[in-house]
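Undergrad:
In the working numbering, the protein residues as written are 1 to 105.
1. Shortest alpha-carbon distance to residue 38 belongs to which of 53, 23 and 19?
2. Going straight from the alpha carbon of residue 52 to that of residue 40, what length do you get?
3. Measuring alpha carbon to alpha carbon, tell me which of 25, 54, 15 and 8 ends up nearest residue 79.
4. Hey, quick one: how far does the alpha helix (DSSP H) through residue 59 stretch, first residue to last?
5. When you compare only the Cα positions, how much space is there between residue 108 and residue 61?
6. Is the beta carbon of residue 70 sitting closer than 9 Å to the one on residue 16?
7. Among the residues of its own chain, which have a CB less than 7 Å from the CB of residue 87, if the five just before and after it don't count?
8. Pick out the complete beta strand (DSSP E) segments inside the stretch 12-47, 3 residues or longer, and give them in chain order.
9. Identify the residues that DSSP records as bridge partners of residue 71: which are they?
10. Rounded to the nearest angstrom, what separates residue 63 and residue 27 at their Cα positions?
Laid out in structure tokens, this is it:
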């Protein structure tokens with residue numbers, strides 16, 4: 001299965017990334033490239049800034065179709081709106097990971 005993880009090197013997403021790689025999936029991580037995680041080197045990377053919506057959407061169009069996208073780093077409605085534009089018609093399943101807590105700035 002071809003899987004994109006937006007994020008992929010954080011605490012929870014590292015475990016997801018490891019499990020997918022161990023299962024034999026074709027995993028691609030999209031992130032800023034600033035955090036190194038203890039993950040087997042059998043994955044592809046796309047480096048970019050999620051908040052640069054136009055660039056993110058262009059990168060996702062260029063990346064092609066995925067069977068599943070797991071979004072670990074959508075924090076505001078604009079992040080999800082950008083994902084909808086980027087992936088409409090190009091994925092089998094979109095998984096949005098969130099929290100049960102709400103934080104204020």
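Here a beta-carbon is modelled for each residue, glycine too, at the ideal position from N, C-alpha and C.
TA: With the given structure in hand:
1. 19
2. So the alpha carbons of these two residues sit roughly 28 Å apart.
3. 54
4. 53-63
5. This structure cannot settle anything about residue 108, because the visible part of the chain is limited to 1 through 105.
6. yes
7. 60, 69 and 94
8. The beta strand (DSSP E) runs lying completely inside the stretch 12-47 and spanning 3 residues or more are 26-31 and 44-47, given in chain order.
9. 6 and 96
10. When the Cα atoms are used, residue 63 and residue 27 turn out to be separated by approximately 12 Å.
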